[in-house]
Amino acid sequence: MLFFVARRLLYLVPVLIAVSILTFVIASLLPGDLAYVILGDQATPENIAALRHDMGLDQPIWLRYVGWLWHILQGDFGRSFRTGQTVLQAVSERVPVSFELMILAELIGLAIGVPLAIACAAKAGSAFDRFITGTAFGMLSVPTFLSAILLIYLFAVELRLLPATGYVPFTEDPVANLRFMVLPALTLGLAEWPGIMRVLRSDMIAALQEDYIALAKAKGLKPSRILFVHALKPSSLTLVTITGINIGRLIGGAVIVESIFALPGIGRLLVGAIYTRDLIILQGVVLLVAAGFVIMNFIVDLLYAILDPRIRHGHA
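The sequence shown: position 200 = 200 (the UniProt record's numbering), numbered continuously.
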């Protein structure tokens, strides 16, 4: 087990280095002059040149990257030139919002996808199975922004049951917080359940064709026990894998959803940094989000290895 963990941790180092290089290069290649953006239209060429020198923008890109990485290794991710906030301050204020959104969305996806997967596996090949599977394929093709618009129109405009935009911290008013989070979480959750349903359904159908299922039927066990204990239990490991895959989808979806519903999360911070060319915030946020994604996938791999010893023994 220790060898498995050590090997996975070693994989994180080159991945994070590659992510940092890619993040810095892409941000540096964005059109426009950062010094000009900071000083404004009234700045003289001399002032712009002086600021470029002070910020190191006149240095080769590889030298700027080394300096940026050296500061990050010391815990200094930089400071926004617009708000004066450090990257870590800006991120720490917004992480709870994005984290709550993704947790709720994943729970909604599981609440819809798991029961449908069980029902489809129990009636594989039936009209119900074909209908749900076809619906899942259709939902995968629906853009997140379209789902958001439709949900806002239905629940906020027509029925007036939920607010369309805004946010209240959970610690300030839990009920109001959940009211504001329902539509954003539902928007993301509707994009998650098809993948969960399809993967779990396939695994359960395969499990139901195994010899031990035939033996359980021969012993006269109830169909419900065979379905939920002998088929669902071994197939449920798939949920660990699909959760790790969904992390990336949730992060990408959160950027769109937070912008539409005006949630003060990481996604909205990232979009704002792009619009204002706040490269310090942009580089820092992208790197921290990528690092969080890599670490979360490491945790998922570790959890999967704990639940299924064959994985860690196979890698050893």
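Glycine included, every Cβ here is placed at the ideal spot set by N, Cα and C. In this text the structure is predicted, and so the values were computed from the model without any measurement.
Considering only their Cβ atoms, is the gap separating residue j from residue i smaller than 8 Å?
i      : j      : result
LEU80  : ALA90  : Per the sequence shown, residue 80 should be read as Ser rather than Leu. Going by C-beta atoms, SER80 is nearer than 8 Å to ALA90.
LEU151 : LEU186 : yes
PHE180 : GLY189 : no
TYR153 : THR241 : no
VAL294 : ILE266 : no
ALA117 : LEU250 : no
VAL168 : ALA176 : yes
ILE108 : CYS120 : no
GLY75  : GLY67  : no
SER20  : LEU69  : yes
SER235 : ASP203 : yes
LEU282 : ALA18  : no
MET197 : ILE247 : no
LEU161 : PHE155 : yes
Go to residue i, then tell me how far its alpha helix (DSSP H) extends in each direction, as first and last residue.
i           : result
LEU250      : 237 to 260
VAL157      : Neither: VAL157 is in no alpha helix (DSSP H) and is coded neither H nor E.
TYR36       : 34 to 39
PRO174      : 174 to 208
HIS71       : 61 to 73
PRO45       : 45 to 55
residue 320 : Residue 320 cannot be examined here, being either before or after the span of the chain that is shown, 1 to 316.
LEU271      : It should be noted that the sequence gives Val, not Leu, for residue 271. Unbroken alpha helix (DSSP H) run through VAL271: 266 to 276.
SER147      : 144 to 151
LEU227      : Per DSSP, LEU227 belongs to no alpha helix (DSSP H) and is neither H nor E.
LEU215      : 211 to 218
ASP58       : No alpha helix (DSSP H) holds ASP58; DSSP gives it neither H nor E.
Mind checking residue i: buried by the 16 CB within 10 Å criterion, or exposed?
i           : result
TRP62       : exposed
residue 317 : Residue 317 cannot be examined here, being either before or after the span of the chain that is shown, 1 to 316.
GLY134      : exposed
PRO14       : exposed
ALA105      : buried
ALA316      : With a pLDDT of 48 at ALA316, under the threshold of 50, the modelled position of this residue cannot be trusted; read the value that follows with caution. So ALA316 counts as exposed.
LEU101      : buried
PRO163      : buried
PHE3        : exposed
ARG7        : exposed
LEU22       : exposed
PHE24       : buried
GLY84       : exposed
THR144      : buried
VAL255      : buried
Looking only at DSSP bridge pairs, what is residue i linked to?
i     : result
THR86 : ARG79
So, at 6 Å on beta carbons, what are the nonlocal neighbours of residue i in its own chain, with the 5 sequence-adjacent residues on each side left out?
i      : result
LEU302 : none
THR86  : ARG79
ARG52  : ALA35, ASP58
PHE137 : none
TRP193 : GLY109, ILE112, GLY113
ALA124 : ILE205
Less than 7 Å between C-beta atoms, sequence neighbours within five positions excluded: which residues of the same chain meet that for residue i?
i      : result
SER126 : none
LEU9   : none
ILE226 : ILE213, ALA216, LYS217
VAL5   : LEU302
THR238 : VAL199, LEU200, ASP203
PHE298 : ARG8, LEU12
Give a yes or no on whether the minimum CB-CB distance between residue i and chain C is below 8 Å.
i      : result
ALA122 : Structure shown: chain C not included; a single protein chain is present.
Within a Cβ cutoff of 8 Å, which residues of the same chain sit near residue i, ignoring the five residues on either side of it in sequence?
i      : result
LEU16  : ALA290, ALA291, VAL294
THR243 : GLU106, VAL300
Comparing the CB of residue i with every heavy atom of the ligand MG, is any distance shorter than 7 Å?
i      : result
ALA291 : As far as ligands go, the structure on display features none, and thus does not contain the ligand MG.
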